[in-house]
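Chains as they are written, first to last, in this note's numbering: chain D, 3 to 527; chain W, 5 to 457.
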């Protein structure tokens with residue numbers, strides 16, 4: 003009797019868990035967040051999720067076929083990437099965004115670098131940042147029930163109160179996967195199943211909280227820290243993005259270092275940076291550090307650690323705190339020094355920048371109201387301005403803000419006019435801020451820009467007298483923009499090719515005039 | 005109290021297939037084949053010639069040097085041949101083939117109870133050496149060498165290994181249930197060699213009957229205690245046990261005795277008791293026959309030199325309509341695959357597994373690229389970084405493999421390969437890389453001495 007027996011080198015036994023199974027569990031753990039996201043954001047969010055996932059899988063499938071690679075699309079990692087990408091997008095992005103993003107994530111970031119296990123940054127995050135940079139405008143529109151609004155983090159950074167409960171539940175707007183409750187549920191299950199490493203997710207959170215607490219300016223105020231934790235993708239980043247196997251270190255010590263790095267960078271960007279999506283960048287930067295961490299932070303086998311060596315020689319081992327690896331101290335030190343240095347530089351420059359801005363503002367006030375010798379504020383005016391601070395002014399002026407207003411007086415203390423500084427957030431390239439000089443009859447004396455970064459050759463023409471002098475001495479309280487052939491006093495000729503800029507400037511001027519009408523003139527009578 | 009080591013895996017136990025099967029003696033009928041190299045160290049030298057008559061318990065080959073072991077005949081009959089035969093590892097090695105007459109005539113004086121009250125250390129060691137006892141846990145290190153460390157007074161623990169952490173294997177469980185007193189006596193005899201030592205019998209929690217039996221047998225012995233350990237592979241590894249009992253990790257360059265420990269399998273202790281008290285050398289041992297392809301699983305007392313085929317047939321052969329796909333000597337984690345069943349067992353063979361399905365074949369189809377999930381590093385009982393080691397080995401970066409990653413510290417327990425969701429052949433890579441590095445070192449050494457000479 004002859005037999006054909008299979009031969010193999012031991013072990014001859016395998017665990018049941020496979021790569022697709024792990025991917026399946028991760029995808030499943032994202033389901034609660036997806037469901038909440040779809041309920042809050044509507045059917046369009048569901049379409050985004052579907053587009054992203056299907057495109058991701060399809061891209062990998064086509065890549066496998068075209069490049070004659072083994073069928074790696076079956077391993078389920080593309081599904082996870084697609085899902086993560088979709089959850090990190092706003093619920094109102096056009097559908098080309100998830101499709102382009104998924105193609106970028108799978109084709110460029112993953113497949114081109116060798117596929118599963120070879121990419122050097124998180125594909126979903128890379129795609130998200132790619133979309134943010136390439137389609138900035140449409141990516142940052144956040145709508146809830148059709149009303150566009152600022153994200154809670156933007157509010158938080160502007161110093162406004164935020165509703166932590168709605169952030170926690172995910173009804174506050176932001177990205178599709180913004181329900182902290184649902185994300186935490188999925189993330190903690192993954193942690194309990196040992197699929198993601200606690201060393202990463204918890205050190206991210208600890209690093210973030212400690213840094214915010216030390217340098218956030220409000221100490222360890224639980225509500226403030228909770229608001230920071232609940233916004234801007236910190237939880238999604240900590241549990242689902244930072245823990246991506248391929249782009250995070252394998253050793254526990256390395257994972258801790260990596261996690262703290264993300265937490266600290268994320269908090270640093272949050273406090274001192276301007277982008278609300280800074281957490282993505284923190285993770286990507288830490289991803290880039292992973293090979294370095296892997297190269298140098300390699301734990302010794304148990305038998306070679308200090309405690310074991312002491313025991314082998316029959317000595318009493320050192321107490322635990324003396325056995326903490328040096329890199330931990332070094333890194334903690336670096337983080338602390340960087341934090342102190344940054345906050346110091348920020349504090350110093352903040353002052354200088356403020357002074358500079360003040361000086362510019364004062365100069366512009368003088369420019370738009372040459373008659374005045376001195377600019378003053380009454381207490382009432384101060385209170386009115388305080389109340390306006392940070393809020394969109396009125397309903398007819400787009401995203402306009404009133405920054406400041408002063409009363410111009412001549413040498414004898416007689417009021418000769420007013421200056422209002424207004425900002426429109428609807429410029430082509432961001433904010434447009436201008437000072438408007440208004441005489442006692444309500445005529446515009448002159449306007450001057452203190453912040454104008456429009457398209458050179460088009461929007462920048464707003465600076466030219468041909469445009470900005472149109473507002474002067476018209477005796478109207480509301481201007482409107484027409485395209486060529488302005489005939490009436492209230493009509494402004496748009497800059498050709500820069501209607502958006504013209505509208506924004508006009509909105510700011512109108513807001514300033516309205517503020518004059520309702521507050522300044524009324525308050526002085 | 006600490007009851008386990010760091011890392012480890014929980015493979016499906018499959019012990020229920022055979023755990024209640026009581027030990028029975030298998031008297032083989034065909035020819036018996038005794039391999040000269042079935043222990044660690046130099047192969048034994050035959051002291052019989054073709055045609056010589058032999059009896060049960062008769063020495064047929066002698067230890068060649070210090071680290072080597074005697075080989076004892078397990079049957080009576082005539083020496084048929086001394087020739088090279090296929091062995092478990094697949095290699096053709098020198099064997100003594102005995103034509104078994106089936107009478108099992110005992111050699112003189114074997115099995116007679118001795119009075120051991122006044123026995124000296126030297127007498128114990130001599131008896132253990134004469135009996136050809138080797139470590140029955142699997143490695144087959146000559147026990148007489150292990151029991152004679154440089155500093156016997158420095159030994160603090162003699163650990164009786166009854167963990168039996170390999171899936172499927174239940175023979176030591178049955179042995180502990182059937183012969184607890186004998187094992188305790190074997191441990192007591194061993195403790196006579198080390199006056200400062202305490203005897204610790206370690207058993208995994210999944211063997212409550214064995215724990216109870218051993219506890220009963222050990223009660224009244226001041227220097228012996230039983231420890232119930234967490235069921236986890238490789239709990240029965242020598243290093244895992246020392247980590248639990250003595251709390252020490254030590255590198256592979258050191259021996260257990262260097263950290264004050266001696267680890268002996270319960271089967272070895274039983275053999276010591278038989279040798280010292282009953283003057284019976286080692287020619288039989290316990291073994292489990294299990295797997296989904298065999299008709300009747302069993303725990304057997306088998307005679308050395310029996311062929312795997314005979315053992316399988318003694319268990320009713322294969323189930324009807326089942327094709328045997330894989331045959332394993334030992335457990336599924338550290339055992340060896342057999343290319344044929346017409347191969348003789350060794351003293352250390354503690355299992356024959358017959359499978360109609362091959363998990364490795366299935367796993368090879370599920371293989372993906374490494375995910376860097378880090379599962380292998382969590383389970384490594386040595387605290388190594390298998391993922392990094394595999395990466396370094398694939399790149400051929402032997403420097404990093406050896407010095408930064410301590411790759412030679414791998415004890416090839418197989419936990420990393422077992423747990424890997426990507427089904428990477430990690431342990432297999434480490435076995436190969438270790439062999440390559442050691443070969444390169446030997447070659448360098450040889451070149452150096454040649455240059456000198």
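Ideal placement from N, C-alpha and C gives every residue a C-beta, glycine not left out.
Remember, predicted model here, so these are calculated numbers, not experimental data.
For residue i, go through chain D and note every residue whose CB falls closer than 7 Å to its CB, in chain order.
| i | result |
| --- | --- |
| residue 286 of chain W | Ordered by position in chain D, no residue passes the 7 Å Cβ test against residue 286 of chain W, which lies about 25 Å from the chain. |
| residue 401 of chain W | Those do not exist, as residue 401 of chain W stays about 11 Å from chain D at its closest Cβ, beyond 7 Å. |
If you reduce the DSSP assignment to three classes, tell me which class residue i lands in.
| i | result |
| --- | --- |
| residue 19 of chain D | coil |
| residue 303 of chain W | strand |
| residue 77 of chain D | helix |
| residue 3 of chain W | In this structure chain W extends from 5 to 457, so residue 3 of chain W is not present and cannot be described. |
| residue 458 of chain W | This structure cannot speak to residue 458 of chain W, because chain W is shown only from 5 to 457. |
| residue 252 of chain W | coil |
| residue 237 of chain D | helix |
| residue 114 of chain D | helix |
| residue 529 of chain D | With chain D covering only 3 through 527, there is no way to say anything about residue 529 of chain D. |
| residue 148 of chain D | Note that residue 148 of chain D scores a pLDDT of 45, beneath 50, so its modelled location is shaky and nothing firm can be said. |
| residue 407 of chain D | strand |
| residue 100 of chain D | helix |
| residue 145 of chain W | coil |
| residue 215 of chain D | helix |
| residue 420 of chain W | helix |
| residue 393 of chain W | helix |
| residue 441 of chain D | strand |
Exposed or buried, which one is residue i when buried takes at least 16 other CB atoms within 10 Å?
| i | result |
| --- | --- |
| residue 296 of chain D | buried |
| residue 253 of chain D | buried |
| residue 354 of chain D | exposed |
| residue 374 of chain W | buried |
| residue 462 of chain W | In the structure as shown, chain W starts at 5 and stops at 457, and residue 462 of chain W therefore has no counterpart that could be examined. |
| residue 324 of chain W | exposed |
| residue 231 of chain W | buried |
| residue 402 of chain D | buried |
| residue 400 of chain W | exposed |
| residue 389 of chain W | buried |
| residue 369 of chain W | exposed |
| residue 318 of chain D | exposed |
| residue 273 of chain D | buried |
Under 7 Å Cβ-Cβ, which residues of chain W neighbour residue i?
| i | result |
| --- | --- |
| residue 300 of chain D | 389, 392, 408 and 409 |
| residue 77 of chain D | 372 |
Find the residues of chain D that neighbour residue i, judging by a C-beta separation of less than 8 Å, and give them in chain order.
| i | result |
| --- | --- |
| residue 105 of chain W | By Cβ distance, chain D contributes nothing, its closest Cβ being about 26 Å from residue 105 of chain W, past 8 Å. |
| residue 337 of chain W | 12, 13, 14 and 15 |
| residue 239 of chain W | Neighbours of residue 239 of chain W on chain D: none; closest Cβ ~15 Å, over 8 Å. |
| residue 254 of chain W | 305, 310 and 314 |
| residue 386 of chain W | 303, 304 and 305 |
List the residues of chain W that residue i touches, going by C-beta distances under 8 Å, in chain order.
| i | result |
| --- | --- |
| residue 24 of chain D | 375, 377 and 425 |
| residue 120 of chain D | 373 |
| residue 117 of chain D | 373 |
| residue 425 of chain D | The premise fails here: residue 425 of chain D is roughly 48 Å from chain W at the closest Cβ pair, so nothing lies under 8 Å. |
On the premise that residue j lies in contact with residue i, defined as a C-beta separation below 8 Å, what is that separation, rounded to the nearest angstrom?
| i | j | result |
| --- | --- | --- |
| residue 507 of chain D | residue 426 of chain D | 7 Å |
| residue 32 of chain W | residue 292 of chain W | 17 Å between Cβ atoms; not a contact. |
| residue 385 of chain W | residue 11 of chain W | 4 Å |
| residue 325 of chain D | residue 308 of chain D | 5 Å |
Open item on the list: Closer than 7 Å between beta carbons: that is the criterion. Which residues of the stretch 46-62 of chain W meet it against chain D?
Closed with: none
TODO: Determine which residues of the stretch 242-257 of chain D have a Cβ less than 7 Å from any Cβ of chain W, and write them out in chain order.
DONE: 247, 248, 252 and 253
Task: Interface positions of the stretch 343-373 of chain W facing chain D (Cβ-Cβ less than 8 Å), listed along the chain - done: 343, 344, 345, 362, 363, 364, 365, 366, 367, 370, 372 and 373
Task: Residues within the stretch 204-223 of chain D neighbouring chain W, beta-carbon criterion of under 8 Å - done: none
Open item on the list: At a CB distance below 9 Å, what residues from the stretch 425-441 of chain W approach chain D? Give them in sequence order.
Closed with: 425, 426, 427, 429, 431, 432, 435 and 436
Task: Within 8 Å of chain W by C-beta, residues of the stretch 183-195 of chain D in sequence order - done: none
TODO: Taking only beta carbons into account, state which residues of the stretch 279-306 of chain D come closer than 8 Å to chain W, listed in chain order.
DONE: 296, 300, 301, 302, 303, 304, 305 and 306
Task: Contact list for the stretch 309-341 of chain W against chain D, Cβ threshold 8 Å - done: 328, 329, 330, 331, 332, 336, 337, 338, 339, 340 and 341
Open item on the list: Please list, in chain order, the residues of the stretch 265-280 of chain W that have any C-beta partner in chain D closer than 8 Å.
Closed with: none
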